[in-house]
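Accompanying notes for the structure given below.
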Amino acid sequence: MKILQKYVTINLVTTTLIALFGLVSLFAFFSIIDQMADTGKRGYTVIEALLYVLLTTPRLAYELFPIAAVIGSMATLGLLAHYSELVVIRTSGVSRVDLAIIMARAALLLVVLSIVIGELIAPISEEAAQQRRSLAMTDQISMRTRNGYWARDGGSFINIRKILPGNRVEDVYIYEFDQDNKLRTSIHAQDASYANQRWLLKDIEQTSISNEKVSIQRFKQAEWPSLLAPEIINFVLVQPQYLSFFGLLKYIDYLRQNVLETAPFEQALWKKIIKPFSICAMVLLAILLVRCESRFAVVGQRIFFGTMIGIIFHIFDQISGHLGMVYSIPAFISVTAPTVLLLGTVAYLLRR
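Per the working numbering, the sequence shown runs over residues 9 to 360.
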């Protein structure tokens with residue numbers, strides 16, 4: 009049984025990685041075509057566009073892992089069936105449930121790999137991609153550091169410590185320099201919101217620096233006619249679904265403390281939780297699909313069939329999440345329902 013487990017695991021991991029490479033390459037190609045429309049704008053060159061797509065490939069790999077898993081599983085079992093190895097395995101006393109356990113154990117390696125990509129690689133590479141694109145697409149330098157988000161607006165530099173949904177920011181520092189690059193004004197606002205192409209600053213402390221003295225003034229609120237639009241800030245923001253698991257937990261906790269909307273981030277969190285189960289469900293589904301087909305079906309047909317099943321499940325999963333947002337269904341229900349239903353169906357049919 010150990011030899012069989014090792015053999016199936018090697019084949020499953022290999023075929024899944026090949027399928028994943030093919031899917032990522034295809035989607036990256038379409039992404040390159042999409043990015044070509046923006047080349048030539050300011051400093052966004054073809055090289056920058058290619059680097060952007062390259063940095064977003066870990067995110068694509070993480071999103072496409074379940075589809076690659078079902079394709080890899082179909083290919084693995086298809087190859088076993090094509091060379092009559094599956095018949096030998098079954099006649100040697102390995103039941104469908106035993107085969108499912110073997111496939112599930114093999115899928116654990118895929119789960120670990122997806123977690124590594126989704127938690128360690130994708131968040132970092134996605135952030136780097138957005139920052140590079142931001143620097144190339146706008147004259148207003150915008151980047152993220154440990155001390156928050158920094159942007160340049162003419163002769164001013166802005167440091168935003170917290171960015172909230174709804175065009176709101178908190179803990180804003182504005183540093184204004186003269187033509188000799190000497191700091192003349194420092195402004196700190198506890199809160200700021202964007203409307204009518206202007207920022208409204210609240211709870212302001214303004215420090216004015218001259219050759220003679222330093223003066224401090226405080227205001228309840230004031231308008232700030234900056235060219236820095238929220239879209240510029242959003243260039244460097246990583247979307248909820250691309251944050252790490254612990255990053256999402258931390259941000260959700262912060263939003264709850266400030267009584268702000270958490271639904272998109274909760275959905276992203278539950279998607280990360282359910283992702284390993286989705287991969288396992290796709291692997292186990294292949295056992296049923298191969299069993300239902302003729303043993304003389306070519307491997308290419310099985311791969312095509314697996315691709316269609318994976319895409320259909322992915323679409324259904326996305327629709328379920330969007331319906332949850334529209335009808336205010338709890339995230340753990342709308343996100344987990346497709347995978348739970350699939351796992352339940354597969355488990356029931358395997359035991360029949």
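The beta-carbon is built from N, C-alpha and C at its ideal position, and this holds for glycine as well. Quantities reported herein were computed from a predicted structural model and do not represent experimental measurements.
(message) Could you compute how far the alpha carbon of residue 333 sits from the alpha carbon of residue 324?
(response) Taking the straight line joining both Cα atoms gives about 14 Å.
(message) Can you look up residue 179 in the DSSP assignment and give me helix, strand or coil?
(response) Residue 179 falls in the strand class under three-state DSSP.
(message) For residue 170 and residue 177, I'd like the C-alpha separation in whole angstroms.
(response) If you take the alpha carbons of residue 170 and residue 177, they lie about 6 Å apart.
(message) Going by DSSP, what residue range makes up the alpha helix (DSSP H) through residue 336?
(response) No alpha helix (DSSP H) contains residue 336, which DSSP labels as neither H nor E.
(request) Buried or exposed for residue 81, please, with buried defined as at least 16 other CB atoms from any protein chain shown within 10 angstroms of its CB. (result) By the 16-neighbour rule on beta-carbons within 10 angstroms, residue 81 is buried.
(message) Taking its Cβ as the centre, do 16 or more other Cβ atoms sit within 10 Å of residue 221, making it buried, or is it exposed?
(response) Taking every protein chain shown into account, the CB of residue 221 has fewer than 16 other CB atoms within 10 angstroms, so this residue is exposed.
(message) So, for residue 300: in the same chain, excluding its five sequence neighbours on each side, which residues have a beta-carbon less than 6 Å away from its beta-carbon?
(response) Confidence at residue 300 is low in this model, with a pLDDT of 46, below 50, so the placement of that residue should be treated as unreliable; the coordinate-derived value is given next. Taken in chain order, the list of residues that qualify is empty.
(message) For residue 345, which residues in the same chain have their Cβ closer than 7 Å to its Cβ, ignoring the five residues on either side in sequence?
(response) Within the same chain, residue 345 has close Cβ partners 328.
(message) Do residue 26 and residue 66 count as a contact pair if the criterion is CB distance below 8 Å?
(response) Taking C-beta atoms as the reference points, residue 66 and residue 26 fail to come closer than 8 Å.
(request) On a CA-only basis, which of 9, 331, 30, 233 is nearest residue 73? Give me that one, please. (result) The shortest Cα separation from residue 73 among 9, 331, 30, 233 belongs to 30.
(message) Check this for me: beta carbons of residue 311 and residue 79, under 8 Å apart or not?
(response) Less than 8 Å separates the beta-carbon of residue 311 from that of residue 79.
(request) Would you list the residues sitting across from residue 278 in a DSSP beta bridge? (result) Under the DSSP definition of a beta bridge, residue 278 lacks any partner.
(request) Reducing DSSP to helix, strand and coil, say where residue 102 ends up. (result) DSSP places residue 102 in coil when its eight states are reduced to three.
(request) Mind reading off the beta-carbon distance from residue 339 to residue 275? Whole number of angstroms is fine, and I expect it under 8 Å. (result) With 8 Å as the limit, residue 339 and residue 275 qualify as a contact, their Cβ atoms being about 5 Å apart.
(request) Go through its chain and collect everything with a Cβ distance to residue 165's Cβ below 6 Å, but skip five positions before and after it. (result) Setting aside the 5 residues that flank it on each side, residue 165 is surrounded in the same chain by 183, each with a C-beta closer than 6 Å to its C-beta; the list follows chain order.
(request) State yes or no: is the C-beta of residue 249 within less than 8 Å of the C-beta of residue 279? (result) Cβ atoms of residue 249 and residue 279: closer than 8 Å.
(request) Kindly provide the ranges of any alpha helix (DSSP H) runs that are 4 or more residues long and lie completely inside the segment 87-171, ordered along the chain. (result) List check, alpha helix (DSSP H) in window: 93-99, 104-124, 130-145.
(request) Mind checking who residue 312 pairs with in its DSSP beta bridge? (result) Residue 312 is not bridged to any residue.
(request) Look at residue 107 and residue 295 and say whether their C-beta atoms are less than 8 Å apart. (result) The beta carbons of residue 107 and residue 295 sit closer together than 8 Å.
(request) Pull up the distance between the alpha-carbon of residue 48 and that of residue 56, whole angstroms please. (result) Going from the Cα of residue 48 to the Cα of residue 56 covers about 10 Å.
(message) Quick test of the definition: if touching needs 3 or more C-beta pairs under 8 Å, does the segment 156-164 touch the segment 223-238?
(response) Touching, yes, given that three or more Cβ pairs across the two stretches are closer than 8 Å.
(request) Note down the Cα distance separating residue 286 from residue 322, rounded to an integer number of angstroms. (result) So the alpha carbons of these two residues sit roughly 10 Å apart.
(request) Using a threshold of 8 Å, state whether the C-beta atoms of residue 127 and residue 273 are closer than that. (result) Not in contact: residue 127 and residue 273 (Cβ atoms no closer than 8 Å).
(request) Would you mind working out which of 214, 113, 259 sits nearest residue 173, comparing C-alpha positions? (result) When 214, 113, 259 are compared, the shortest CA-CA separation from residue 173 is found for 259.
(message) Buried or exposed, going by whether 16 or more other CB atoms sit within 10 Å of the CB of residue 314?
(response) Buried is the call here.
(message) Nearest by alpha-carbon distance to residue 215: which of 331, 54, 224, 208 is it?
(response) Per the Cα distances, 224.
(message) Just to confirm the assignment, what range does the beta strand (DSSP E) spanning residue 211 have?
(response) In the DSSP annotation of this structure, the continuous segment of the beta strand (DSSP E) that includes residue 211 starts and ends at 206-217.
(request) Assign residue 54 to one of two classes, buried (16 or more other C-beta atoms within 10 Å of its C-beta) or exposed (fewer than that). (result) Label assigned to residue 54: exposed.
(message) Less than 8 Å between the beta carbons of residue 200 and residue 191, yes or no?
(response) Result no, Cβ atoms of residue 200 and residue 191 do not sit closer than 8 Å.
(request) From the DSSP output, in three-state form, read off residue 192 for me. (result) Here residue 192 sits in strand by DSSP.
(message) Once the 5 residues before and after residue 357 are set aside, which same chain residues still bring their CB inside 6 Å of it?
(response) Cβ within range, chain order: 296.
(request) Going by CA-CA distance only, name the one from 353, 317, 282, 288 that's closest to residue 343. (result) Nearest of 353, 317, 282, 288 to residue 343, Cα basis: 282.
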